[in-house]
Amino acid sequence: MMSIRSLLVVVSMLACASCTKTPVAHSPENDLALLWVKHAAEYEAISIQVYQAAELALPGFINDTSWSAMPAQQHAEGLPPAVILDVDETVVSGIAFQLAFERPFTNRKMYDFYQENVAVPVPGVVEFITAVRQAGVAVFFVTNRPCELIDNDPDPCPQKRAVIKELLDTGIETDDMHVMLSNEQGWDRAKIARRQHIAETHRVIMLFGDDLGDFVPCVRKKLYGPCTQPATAASRRRLVEDHRSYWGRGWYILPGPTHGSWTSFP
Ligand SMILES: [Mg+2]
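Residues in the sequence shown are numbered consecutively from 13, following the working numbering.
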């Protein structure tokens with residue numbers, strides 16, 4: 013005979029199972045994160061603040077050839093300088109897509125959205141990239157949009173073409189050599205391998221992103237790249253603390269309240 017306590021446990025397990033299987037009803041009208049990015053002047057101010065602060069720091073990082081924004085990069089004095097930016101919510105604003113897409117998220121839905129909609133830049137980024145290029149610094153875009161085959165398209169990575177076109181929509185010209193997706197060249201979702209690849213030929217003077225993974229590896233529960241332990245909320249905070257001297261000095265993080273690795277650590 014099942015005790016009341018056991019019965020309650022079973023009932024709560026069933027309730028939990030249904031929780032995980034049924035997507036939470038999404039309503040942009042009451043999603044504060046989406047509303048903030050869409051409507052808050054404060055969001056715009058933060059983005060502009062980040063990019064203007066970075067622009068002010070740019071000459072110092074160019075001139076100090078001993079400087080690298082990658083903690084492990086050494087002997088890069090003779091290499092040309094470069095900055096690395098994430099794409100979504102760092103350069104391309106995803107708010108229109110986030111408000112529009114039918115949950116759950118898929119990469120294909122995002123791809124399709126930008127086939128039909130013009131990409132809009134995050135406030136401040138276009139002016140920043142213009143200044144960076146005028147200063148003779150290379151600009152790389154490292155995104156975790158994955159290369160995936162699509163229908164009858166013979167292109168092994170139509171998403172790369174799409175990202176380059178979106179960047180052009182925002183007013184930023186770039187090319188194949190300066191855009192790196194996941195699944196490309198065997199790269200996984202740990203962006204560290206792509207940052208290291210860039211660091212072979214460039215002195216990386218600045219990193220930009222809206223996710224902790226744009227700066228350090230091992231920020232997710234899933235194991236990618238060099239990670240041997242799933243991340244926890246505490247390990248993620250430790251990563252921030254361990255790299256305290258970089259925030260606002262070589263590393264520039266933008267708000268990412270609507271999605272990202274943080275959402276797995278409530
Ligand atoms: Mg991003």
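The beta-carbon is built from N, C-alpha and C at its ideal position, and this holds for glycine as well.
When DSSP reads this structure, PRO158 sits in a beta bridge with SER194. Boundaries of the alpha helix (DSSP H) around LEU70: 53-75. Within the same chain, and ignoring the five residues on either side of ARG206 in sequence, the residues whose Cβ sits closer than 7 Å to its Cβ are VAL154, MET192 and TRP199. For ILE141, no beta strand (DSSP E) encloses it; the enclosing alpha helix (DSSP H) starts and ends at 137-146. When C-alpha distances from SER105 are compared across GLU114, GLU212, GLY221 and ARG145, the shortest belongs to GLY221.
In this structure, SER59 sits near PRO135, with a CB-CB distance shorter than 7 Å. Rounded to the nearest angstrom, the gap between the Cα atoms of LEU68 and ILE265 is 16 Å. Taking each of PRO170, THR270, VAL130 and PHE109 in turn and checking the Cα distance to LEU180, the smallest one comes out for VAL130. The region 238-248 and the region 172-179 do not touch, with fewer than 3 CB-CB distances between them shorter than 8 Å. In the structure shown, the three-state DSSP call for TRP48 is helix. Annotation for ASP223 indicates a beta carbon within 6 Å of some heavy atom of ligand 1. Using a cutoff of 6 Å, the CB of GLU41 does not count as near ligand 1, since none of the ligand's heavy atoms is closer than that. In the pairwise beta carbon analysis, the region 76-88 is classified as not touching the region 141-157: fewer than three pairs are separated by under 8 Å. Just measuring C-alpha positions, the residue of ALA94, ALA66 and SER39 sitting nearest GLN208 is ALA94.
Here ASP226 carries a helix assignment [DSSP, helix/strand/coil].
With a cut-off of 6 Å, the C-beta of GLU101 is classified as near ligand 1, since at least one heavy atom of the ligand falls inside that distance. Taking every protein chain shown into account, the CB of LEU44 has fewer than 16 other CB atoms within 10 angstroms, so this residue is exposed. Our two residues, GLU54 and LEU47, have alpha carbons roughly 12 Å apart in a direct line. By the Cβ rule, the region 82-101 counts as touching the region 222-238, because three or more pairs are nearer than 8 Å.
Under the DSSP definition of a beta bridge, SER105 partners with VAL132.
Between the alpha carbons of ASP124 and ALA143 lies a gap of roughly 32 Å. Excluding five sequence positions before and after ALA88, the CB atoms of its chain that fall closer than 6 Å to its own CB belong to SER80 and ARG215, given in chain order. In the DSSP assignment, VAL252 falls within the unbroken alpha helix (DSSP H) covering 245-254. In the structure shown, the three-state DSSP call for ALA150 is strand. Under the 10 Å beta carbon count, PHE117 is surrounded by fewer than 16 other beta carbons and is classified as exposed. The Cβ atoms of PRO168 and ILE204 do not sit closer than 7 Å to each other.
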